[in-house]
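Below is one structure, written out as C-alpha cells, with a few remarks after it.
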Amino acid sequence: MSAPLLPGRVVSAHGRSFVVGTSHGPLRCAVRGRRADIVCGDRVEVRATGGGTGVIETLTPRENLLSRADAFHHKAIASNIDLLLVVTAAEPEFSLDLVQRCLLAAEVQDIAALILVNKADLPQHAAALARLAPLAAIGYEVLGVSAHGDLSALRQRLAGRTTLMVGQSGMGKSSLLNTLVPDAAARVADISSALNSGRHTTTHTALHALDADSWLIDSPGLQEFALAQHSLPELEHAFPDFRPYLGQCRFRNCRHRSEPGCALVAAEAAGRLWPARRALLLRLQEEREFADRQR
Ligand SMILES: Nc1nc2c(ncn2[C@@H]2O[C@H](COP(=O)(O)OP(=O)(O)OP(=O)(O)O)[C@@H](O)[C@H]2O)c(=O)[nH]1
Ligand SMILES: [Mg+2]
Ligand SMILES: [Zn+2]
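306 is the number that my numbering gives the last residue of the sequence shown; the numbers go up by one with no jumps.
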C-alpha cells in the first residue's frame, strides 16, 4: 500500500529536483510524469517515499504566477504571492526602470506591491527616497528600512501572507531575510566581492517560513525584467497612473507616441504624468513587438 498524499509547499526548485515543505518536514522530491514547470511557492500534494524523499503527485491551481519573459525565454519566479517587495537601497545605485518593471509585473497579476528602501542607516538614504518620490506620488507605498535595524513595520506587513522579495543584487534581500528568519542562513556576501566577481550571492529562489502562516521568498538579484509575455493592452493597464486616460485617445489603436489627440501625451504635457512612465511604455511596446517578430 502506498503512503497517503501529504499537502506541501514548494520551497525550492532546481531543474527537476524540488524541496517541498510538509507537516513531516522538508522532502526532496521528484515530480510524477514529464511536467517540470513546478515553481517555488506552488502548493502540491506529495507522496513520501522514505529517507526524506518524495514524489510530487498533484499541483494545486495557482492563485498567481510572477514571471518574466523576453523574446526567447520565459522565467517563472514564484507563485501564490500576496505581496511583492521590490527591494532597493541607497547603494549600489538602483535602476528606476527595473523597479517599475517589477511593479508592472505585480500589477498584471493583481499582486499588492511595496517598495522597500533598505540601508536607511546610510547617508545616501534620503537621496534614494527622493528618486522614488514620483512612484510614491502615483500611489505606490515606499517604506525605508535597515536590515540591521528595527523591522517591526515590515514584519506587520508580512503577517499571514506569502511575500516575494525581488530586486537588483546587493540591495539587501538576503540580509532582510536573515534578520526576519534568523535560521535562514542565507548567504550574504560582502558587497564588494559580490559586485567585483559579477556574481550574485543568492543563486536560487527559496521560500522560508516566518511563522505557521507567513512565508518569505528570497530570489537572486535581477539585472533585467522583461515583460514581453504580456499584450500591449495588458501592459498599458498595468500603469495605474495611465488608467484615467486609457480609451480617451482620438484613435482607438493609439500607440501614445506622436499620434494627434493622444490623451497620455496631453496629460504628460500638462504635467499630470511623470514623463518616465510613457517612455517606459514605449520601450515595453518595442520589446513586445520584437518578441512577436521572433515567433
Ligand atoms: N549599511 C547597510 N548595509 C546593508 C544593509 N542590508 C544589507 N547590507 C549589505 O549589503 C550587501 C548585500 O546584501 P545582500 O543581502 O547579499 O543583498 P541581496 O539583495 O541579497 O543580493 P543578491 O543575493 O546578489 O541579489 C551586504 O554587504 C550587506 O551586509 C543595511 O540595511 N545597511
Ligand atoms: Mg541575496
Ligand atoms: Zn494615446
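The beta carbon of each residue, even a glycine, is placed where N, CA and C say it ideally should be.
- In DSSP terms, what T174 is bridged to: Numbered from 1 along the sequence shown, position 163 holds the residue referred to as residue 174. Paired residue(s): L94 and L227.
- Collapsed DSSP secondary structure at F29 in the structure displayed: Looking up residue 29 in the sequence shown gives position 18. F29: strand per DSSP, three-state reduction.
- Query: Tell me, which residues are paired with R39 by DSSP?
  - Reply: Against the sequence shown, residue 39 aligns to sequence position 28. According to DSSP, which records beta bridges pairwise, R39 is partnered with V30 and T64.
- Does at least one heavy atom of ligand 1 sit under 7 angstroms from the Cβ of A158? To locate residue 158, count along the sequence shown from 1; it is residue 147. The answer is yes for A158.
- Would you check if the distance between the CB atom of A307 and the CB atom of D121 is smaller than 8 angstroms? Beyond the ends of the chain as shown, which are 12 and 306, falls residue 307; an answer cannot be given.
- ligand 3 heavy atoms versus the CB of C40: any closer than 7 angstroms? By one-based count along the sequence shown, residue 40 stands at place 29. No, the Cβ of C40 stays beyond 7 angstroms of every heavy atom of ligand 3.
- Item | Exposure label - S13; buried when at least 16 CB within 10 Å | Translated into positions along the sequence shown, residue 13 becomes position 2. Counting Cβ neighbours within 10 Å, S13 comes out exposed, since fewer than 16 surround it.
- Message: Looking only at its chain, what residues have a beta carbon closer than 8 angstroms to the beta carbon of H25, apart from the 5 residues adjacent to it on each side?
- Response: Position 14 of the sequence shown holds residue 25. These residues qualify, in order along the chain: H215.
- Query: To which residues of the same chain is L146 closer than 6 angstroms at the C-beta, ignoring the five residues directly before and after it?
  - Reply: Your numbering for residue 146 matches position 135 in the sequence shown. Nothing listed; no residue qualifies.
- Message: On the CB-based measure, 16 or more other CB atoms within 10 Å of its CB, does T213 come out buried or exposed?
- Response: As a first step, residue 213 must be located in the sequence shown, where it is residue number 202. Its Cβ being crowded by 16 or more others within 10 Å, T213 is buried.
- Find out if the Cβ-Cβ distance for the pair R266, Q240 is shorter than 8 angstroms. As a first step, residue 266 is located in the sequence shown; it is residue number 255 there, counting from the start. As a first step, residue 240 is located in the sequence shown; it is residue number 229 there, counting from the start. For R266 and Q240, no; Cβs fall outside 8 angstroms.
- Buried or exposed by the 16-neighbour rule on C-beta atoms within 10 Å, applied to D222: Within the sequence shown, residue 222 is the residue found at index 211, counting from 1. So D222 counts as exposed.
- Message: Considering only DSSP beta bridges, list what I126 is partnered with.
- Response: Along the sequence shown, one-based indexing puts residue 126 at 115. Looking at the DSSP assignment, I126 forms a beta bridge with V97 and V153.
- Meets three-Cβ-pair contact criterion under 8 angstroms: the segment 163-176 and the segment 88-98: yes
- Hey, could you find the ends of the alpha helix (DSSP H) A139 is sitting in? Along the sequence shown, read from residue 1 onward, the residue named residue 139 stands at position 128. That run of the alpha helix (DSSP H) goes H136 to R142.
- Query: How would you call G155, buried or exposed, if buried means at least 16 neighbouring beta carbons within 10 angstroms?
  - Reply: Translated into positions along the sequence shown, residue 155 becomes position 144. Its Cβ being crowded by 16 or more others within 10 Å, G155 is buried.
- Message: Check for me: the alpha helix (DSSP H) holding L293 runs from which residue to which?
- Response: Mapped onto the sequence shown, residue 293 falls at position 282. Here the alpha helix (DSSP H) through L293 covers P286 to Q305.
- Message: Against chain C, does T213 count as a neighbour if the rule is that its beta carbon must be under 8 angstroms from one of theirs?
- Response: The chain inventory of the structure shown lacks chain C, comprising one protein chain alone.
- Helix, strand or coil at T214 [DSSP, three-state]: The residue given as residue 214 occupies position 203 in the sequence shown. T214: coil per DSSP, three-state reduction.
- Inter-residue spacing [alpha-carbon to alpha-carbon] between D278 and L284: As a working mapping, residue 278 is identified with position 267 in the sequence shown. As a working mapping, residue 284 is identified with position 273 in the sequence shown. According to the sequence provided, residue 278 is Ala. The question's Asp does not apply to it. Each residue's Cα considered, the two are about 6 angstroms apart.
- Message: Closer than 7 angstroms to a non-hydrogen atom of ligand 1 - does that hold for the CB of S34?
- Response: Here residue 34 refers to the residue found at position 23 of the sequence shown. Incorrect: S34 has no Cβ contact closer than 7 angstroms to ligand 1.
- Using only the heavy atoms of ligand 3, determine whether one of them is closer than 7 angstroms to the beta carbon of E247. Along the sequence shown, read from residue 1 onward, the residue named residue 247 stands at position 236. Every heavy atom of ligand 3 is 7 angstroms or more from the Cβ of E247, so no.
- Message: Any contact between the segment 131-139 and the segment 176-194? By contact I mean 3 or more CB pairs, one from each, below 8 angstroms.
- Response: no
- Anticipated Cβ contact below 8 angstroms, A41 with S23, distance rounded: In the sequence shown, the residue the question calls residue 41 occupies position 30. In the sequence shown, the residue the question calls residue 23 occupies position 12. Not really, about 14 angstroms apart at Cβ, beyond 8 angstroms.
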